[in-house]
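If you read the protein sequences in the order shown, they are chains A and B. In terms of the UniProt record's numbering, the first sequence has 286 at position 286, counting the first letter as 1, and numbering is strictly consecutive. In terms of the UniProt record's numbering, the second sequence has 177 at position 177, counting the first letter as 1, and numbering is strictly consecutive. Virtual Cβ for every residue (Gly too), placed ideally from N, Cα, C. Only one structure is covered here, and it is reproduced in the block below.
2 protein chains.
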Amino acid sequence: MTDGTKNNKVNMKTLAKVLNVSIATISKALRDSHDIGDETKQRVIETARLLHYVPNPYASSLRKRSSNTIAIVIPEIADSFFSQAINGIESIVDQEKYHALIYLTHDSYEREAQMFNDLTSGRVDGVLMSVASNTKDIKHIQDLQQMGVPIVFFDRVCEDIPTAKIKTDDFNSAYMATRHLLEQDCKNISLVTIEGYPSILQAREEGYKKALTEQGIKPNDNNVISCANKYTHDNIAFLKQHIDTVKPDGIIATVEHLATTTYLACEEMKLNIPDDIKVVCFTNQITASILNPPLTTVLQPAYEMGRKAAELLFRHLSGRPIQMERENIILPSKLVVRASTGTV
Amino acid sequence: MTDGTKNNKVNMKTLAKVLNVSIATISKALRDSHDIGDETKQRVIETARLLHYVPNPYASSLRKRSSNTIAIVIPEIADSFFSQAINGIESIVDQEKYHALIYLTHDSYEREAQMFNDLTSGRVDGVLMSVASNTKDIKHIQDLQQMGVPIVFFDRVCEDIPTAKIKTDDFNSAYMATRHLLEQDCKNISLVTIEGYPSILQAREEGYKKALTEQGIKPNDNNVISCANKYTHDNIAFLKQHIDTVKPDGIIATVEHLATTTYLACEEMKLNIPDDIKVVCFTNQITASILNPPLTTVLQPAYEMGRKAAELLFRHLSGRPIQMERENIILPSKLVVRASTGTV
DNA sequence: TTTATTTGCTTAAACGTTTACCTAAATTTC
DNA sequence: GAAATTTAGGTAAACGTTTAAGCAAATAAA
Numbered sequence: 001m002t003d004g005t006k007n008n009k010v011n012m013k014t015l016a017k018v019l020n021v022s023i024a025t026i027s028k029a030l031r032d033s034h035d036i037g038d039e040t041k042q043r044v045i046e047t048a049r050l051l052h053y054v055p056n057p058y059a060s061s062l063r064k065r066s067s068n069t070i071a072i073v074i075p076e077i078a079d080s081f082f083s084q085a086i087n088g089i090e091s092i093v094d095q096e097k098y099h100a101l102i103y104l105t106h107d108s109y110e111r112e113a114q115m116f117n118d119l120t121s122g123r124v125d126g127v128l129m130s131v132a133s134n135t136k137d138i139k140h141i142q143d144l145q146q147m148g149v150p151i152v153f154f155d156r157v158c159e160d161i162p163t164a165k166i167k168t169d170d171f172n173s174a175y176m177a178t179r180h181l182l183e184q185d186c187k188n189i190s191l192v193t194i195e196g197y198p199s200i201l202q203a204r205e206e207g208y209k210k211a212l213t214e215q216g217i218k219p220n221d222n223n224v225i226s227c228a229n230k231y232t233h234d235n236i237a238f239l240k241q242h243i244d245t246v247k248p249d250g251i252i253a254t255v256e257h258l259a260t261t262t263y264l265a266c267e268e269m270k271l272n273i274p275d276d277i278k279v280v281c282f283t284n285q286i287t288a289s290i291l292n293p294p295l296t297t298v299l300q301p302a303y304e305m306g307r308k309a310a311e312l313l314f315r316h317l318s319g320r321p322i323q324m325e326r327e328n329i330i331l332p333s334k335l336v337v338r339a340s341t342g343t344v
Numbered sequence: 001m002t003d004g005t006k007n008n009k010v011n012m013k014t015l016a017k018v019l020n021v022s023i024a025t026i027s028k029a030l031r032d033s034h035d036i037g038d039e040t041k042q043r044v045i046e047t048a049r050l051l052h053y054v055p056n057p058y059a060s061s062l063r064k065r066s067s068n069t070i071a072i073v074i075p076e077i078a079d080s081f082f083s084q085a086i087n088g089i090e091s092i093v094d095q096e097k098y099h100a101l102i103y104l105t106h107d108s109y110e111r112e113a114q115m116f117n118d119l120t121s122g123r124v125d126g127v128l129m130s131v132a133s134n135t136k137d138i139k140h141i142q143d144l145q146q147m148g149v150p151i152v153f154f155d156r157v158c159e160d161i162p163t164a165k166i167k168t169d170d171f172n173s174a175y176m177a178t179r180h181l182l183e184q185d186c187k188n189i190s191l192v193t194i195e196g197y198p199s200i201l202q203a204r205e206e207g208y209k210k211a212l213t214e215q216g217i218k219p220n221d222n223n224v225i226s227c228a229n230k231y232t233h234d235n236i237a238f239l240k241q242h243i244d245t246v247k248p249d250g251i252i253a254t255v256e257h258l259a260t261t262t263y264l265a266c267e268e269m270k271l272n273i274p275d276d277i278k279v280v281c282f283t284n285q286i287t288a289s290i291l292n293p294p295l296t297t298v299l300q301p302a303y304e305m306g307r308k309a310a311e312l313l314f315r316h317l318s319g320r321p322i323q324m325e326r327e328n329i330i331l332p333s334k335l336v337v338r339a340s341t342g343t344v
């Protein structure tokens, strides 16, 4: 049976035999080495094309001790921020003719540590990552870095690792969001966040508190509620209970999936947004503008952050390394005001 | 300077030296070969752990001619369907201790063909893919398959390639969606779709037409409008013009980003959904239920499709290959009725 | 002319595994 | 107790590249 089994793979040996030159000549010709004459180069390139030669990446990586591959390590993917960030990353990876391995930690430290241990093998030339929210012990990250693998953090950075970081101004945008609610006459603003506390959520909480304090409002721990970090009905019930007891007139939801949670909780409680309660959410969902009512959002520059992170990594990778730890870039988020925080 | 340069990498040679055995013994011990005594195995495993030995994947892949890696080739990623599908895929990839390379075609045949040409190198053991909408020439796919690389299609399948396919019932769900609109008394239903026509959109169009025909309504080409396949303001203008001239009382939007387009077009034209015009959209966005008004959707089993596709691929990969071309799985989509198609 | 340099290619080792084949000792079988 | 088998390892080749080192012929410099 003439089935599709891995057949007649053409490699450098094949080309060498066909052209009656050495394997080294093939290799050098294809890499456009100065060692090889123009005419020979042309002949090699031509027959390589003719025979559909494609270099074996594993042989090449083994020998060169570099893989033309990076890892993208993120908590989750079904999230507008991360999928848009990947788009940004991909735009650079593609341009650099690199390859991207994708790893989801599901926000678990254990998985993250395990993945990092694997990456220790030399599988990738660099890592772009958003750390898991419950990662406290950072030894796995330090270990990988010590092996010489460059890491660039984006969004959920790890402050204790000296390397490039692409962040957005979480503190400030939470501050602005809270200010906005205060200006809309909210007196009792709750922050709906998630447990585990990645540092960005910490920053958002602090921005929120700063805005309150500035207005002479003493932040109350009862106004901060921590949900599970996934979209679940339990969160809705939990939030309803919070609203019932604390009776906030404004809510800041710190992560994307809490938008739906908040809206559904309000709907079930027959609370009108924005009349009874005003809502702002950190989200990149394009549907924000067609929600009921349109949702005021803190929009993160996801694509740009991914792109910038990748750019930095490749700048470090190609040519001489740069001083990664000095790159600490903050791209601004944007408060997009819509009907959920007032009459438009 | 004691900086983090690729240092003291511990490999099998190191272990062999430390334990005073041959490299072969190390290799066999770690793979739990029958050739090695239990005591030696333990010693090897122990020191490997102690010295943080992690096998070099490139050496291993080169020698074994298999990579423990698959490719995920999809048109785009900032789309709920695809990101949820990736979640499903990842659940299996992780379990099988495989690695996943991600490639975005941006719906371009040229990119897709180029990627497939690269994959010819043996970089991956298998491919999970959703084909680009403008892919007509399928030689690149055939070539890869002929090299012995198994391919599983999901969602946007290529019917002419004999291999496993995971689809959803596009024809039927479009039929059901149209029926639903008809039952809600729509008389003039438009289909808003995209140019390029992947086969699934073809199926959706046919389901739509079937439902109309059944009700004695002759499908009119004027009722089918093709937008650009990305979220753009031009699409909104284009759709507004369509609504203005054709005056549909029902709209079926065949891809996710057209939901926002449709809602915004209606809003700008001061058309009330569902009173003036009813809307159904194929989308997996969780915000559908909190839109203004909540959107009736055709919800695809994205996670399950990704998972199933990966399962099939790995069933083929591990153990004896299966008859891939006989696997043609159809997972049902679900029509979730909400306020956008009537009074709830 | 002789010597130095450049050009264009070859040889062979290396990257870190895996595995077919070999071997010597220990054990079993008869 | 001799022969057969099993056990526990070792040797070396192979996977497909890249590259340092070498070398003969051609060219340039002296």
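Short CB-CB distance (under 8 Å) between A:A164 and chain B: As a position in the first sequence, residue 164 of chain A is number 164, starting the count at 1. For A:A164, the answer is no, since every Cβ of chain B falls outside 8 Å of its Cβ.
Those runs of the beta strand (DSSP E) which lie wholly inside the stretch 256-283 of chain B and span at least 3 residues: 278-282
Buried or exposed (CB count within 10 angstroms, at least 16 for buried), A:T296: The residue labelled residue 296 of chain A in the question sits at position 296 within the first sequence. Buried, by the Cβ-count rule.
B:I277 vs A:L291 beta-carbon contact at 8 Å: Your numbering for residue 277 of chain B matches position 277 in the second sequence. Your numbering for residue 291 of chain A matches position 291 in the first sequence. In this structure, A:L291 does not lie closer than 8 Å to B:I277 by Cβ.
Proximity test, Cβ basis, 8 Å: B:P219 and chain A: Against the second sequence, residue 219 of chain B aligns to sequence position 219. False, the Cβ-Cβ gap to chain A never drops below 8 Å.
Residue nearest to B:Q84 in terms of C-alpha spacing, selected from A:L104, A:L182, A:D35 and A:V73: As a working mapping, residue 84 of chain B is identified with position 84 in the second sequence. Of A:L104, A:L182, A:D35 and A:V73, the residue nearest in Cα terms is A:L104.
Beta-bridge pairing of B:A100 - partner residues as DSSP gives them: Reading the second sequence from its first residue, position 100 is the one you call residue 100 of chain B. Answer by DSSP bridge pairing, in chain order: B:I70.
Chain A contacts from the stretch 102-129 of chain B (Cβ-Cβ distance under 7 Å): I102, L104, N117, D118, T120, S121, G122 and R123
Beta-bridge pairing of A:I251 - partner residues as DSSP gives them: In the first sequence, counting from the first residue as 1, residue 251 of chain A sits at position 251. Answer is A:S190 and A:V279.
Exposure of A:A29, with buried meaning 16 or more beta-carbon neighbours within 10 Å: Here residue 29 of chain A corresponds to residue number 29 of the first sequence, with the count starting at 1. Counting Cβ neighbours within 10 Å, A:A29 comes out buried, since at least 16 surround it.
Per DSSP, the bridge partner or partners of B:M129: Taking the first residue of the second sequence as position 1, residue 129 of chain B is located at position 129. Answer is B:V73 and B:F153.
Whole-angstrom distance between A:T261 and B:A100, CA atom to CA atom: Numbered from 1 along the second sequence, position 100 holds the residue referred to as residue 100 of chain B. Numbered from 1 along the first sequence, position 261 holds the residue referred to as residue 261 of chain A. B:A100 and A:T261: Cα-Cα distance of roughly 32 Å.
The stretch 136-149 of chain B in contact with the stretch 19-27 of chain A per 3-pair CB rule at 8 Å: no
Simplified DSSP assignment, three categories, for B:N172: Counting from one through the second sequence, the residue named residue 172 of chain B turns up at place 172. In the structure shown, B:N172 sits in a helix (DSSP, three-state: H, G or I).
Burial state of B:E257, where buried means 16 or more other Cβ atoms lie within 10 Å: As a position in the second sequence, residue 257 of chain B is number 257, starting the count at 1. Checking the sequence shown, residue 257 of chain B turns out to be His, not Glu. Flag for B:H257 reads buried.
Closest Cα partner of A:I92 within the set A:D221, A:I72 and A:E195: One-based indexing of the first sequence puts residue 92 of chain A at position 92. If we check each option's Cα against that of A:I92, A:I72 comes out closest.
Neighbour-count burial assignment, A:D160, 16 or more Cβ in a 10 Å radius: Position 160 of the first sequence, counting from 1, holds the residue named residue 160 of chain A. Classification for A:D160: exposed.
Same chain only: Cβ atoms within 7 Å of A:T2, ignoring 5 sequence neighbours per side: Mapped onto the first sequence, residue 2 of chain A falls at position 2. Its pLDDT being 32, under 50, A:T2 is placed unreliably in this model, and the value from its coordinates should be taken loosely. Closer than 7 Å at the Cβ level, and outside the excluded window around A:T2, lies no residue.
Length at least 4, wholly inside the UniProt domain "HTH lacI-type" (10-64) of chain B: the alpha helix (DSSP H) runs in chain order: 12-19, 23-30, 38-50 and 57-64
Best match in B:I23, B:N56 and B:Y58 for proximity to B:K41 [C-alpha to C-alpha]: Working through the second sequence from its first residue, we reach residue 41 of chain B at position 41. Ranking B:I23, B:N56 and B:Y58 by Cα distance to B:K41 puts B:I23 first.
For B:N229, the residue or residues it bridges with in DSSP: Indexing the second sequence from 1 puts residue 229 of chain B at position 229. None; B:N229 has no bridge partner.
CB contact flag (B:E205, B:A228, <8 Å): As a first step, residue 205 of chain B must be located in the second sequence, where it is residue number 205. As a first step, residue 228 of chain B must be located in the second sequence, where it is residue number 228. Not closer than 8 Å, so no.
is_contact[B:Y98, chain A] using C-beta, thresh 8 Å: For the purposes of this step, residue 98 of chain B is taken as the residue at position 98 of the second sequence. No, because no Cβ of chain A sits closer than 8 Å to the Cβ of B:Y98.
Under 8 Å between C-beta atoms of B:K247 and B:M269: Position 247 of the second sequence, counting from 1, holds the residue named residue 247 of chain B. Position 269 of the second sequence, counting from 1, holds the residue named residue 269 of chain B. Not closer than 8 Å, so no.
Endpoints, the beta strand (DSSP E) within which B:K334 is located: Residue mapping note: residue 334 of chain B aligns to position 334 of the second sequence, counting from 1. Counting along the chain, the beta strand (DSSP E) containing B:K334 begins and ends at K334 to V336.
Short-range partners of chain A found in the stretch 255-272 of chain B, where Cβ spacing is below 8 Å: H257, A259, T260, Y263, L264 and E267
First through last residue of the beta strand (DSSP E) which encompasses B:I330: As a working mapping, residue 330 of chain B is identified with position 330 in the second sequence. Start and end: N328 to L331.
Cβ separation of B:P75 and B:D107, assumed to be a contact under 8 Å, to the nearest whole Å: Counted from its first residue, the second sequence places residue 75 of chain B at position 75. Counted from its first residue, the second sequence places residue 107 of chain B at position 107. Right, the Cβ-Cβ distance comes to about 4 Å (below 8 Å), so this counts as a contact.
Cβ pair B:G207, B:T178 closer than 8 Å: Working through the second sequence from its first residue, we reach residue 207 of chain B at position 207. Working through the second sequence from its first residue, we reach residue 178 of chain B at position 178. Yes; because the gap between Cβ atoms is below 8 Å, this pair is in contact.
Short CB-CB distance (under 8 Å) between residue 376 of chain A and chain B: Because residue 376 of chain A is not part of the residues shown, which for chain A are 1 to 344, the question remains open.
Span separating the alpha-carbon of A:R65 from that of A:D125: Stepping through the first sequence from its first residue, residue 65 of chain A is reached at position 65. Stepping through the first sequence from its first residue, residue 125 of chain A is reached at position 125. Straight-line Cα distance between these residues: approximately 9 Å.
Residue 345 of chain B at chain A interface by Cβ criterion, 8 Å: Examination of residue 345 of chain B is not possible in this model, given that chain B is present from 1 through 344 alone.
Entirely enclosed alpha helix (DSSP H) segments - the stretch 289-332 of chain A, minimum 4 residues: 302-317
A:A309 at chain B interface by Cβ criterion, 8 Å: By one-based count along the first sequence, residue 309 of chain A stands at place 309. Judged by the 8 Å Cβ criterion, A:A309 is not in contact with chain B.
Cβ contact check for the stretch 145-158 of chain A and the stretch 299-319 of chain A: 3 or more pairs under 8 Å: yes
Three-state secondary structure (DSSP) of B:V93: Residue numbering aside, residue 93 of chain B sits at position 93 when the second sequence is read from its first letter. Helix at B:V93.
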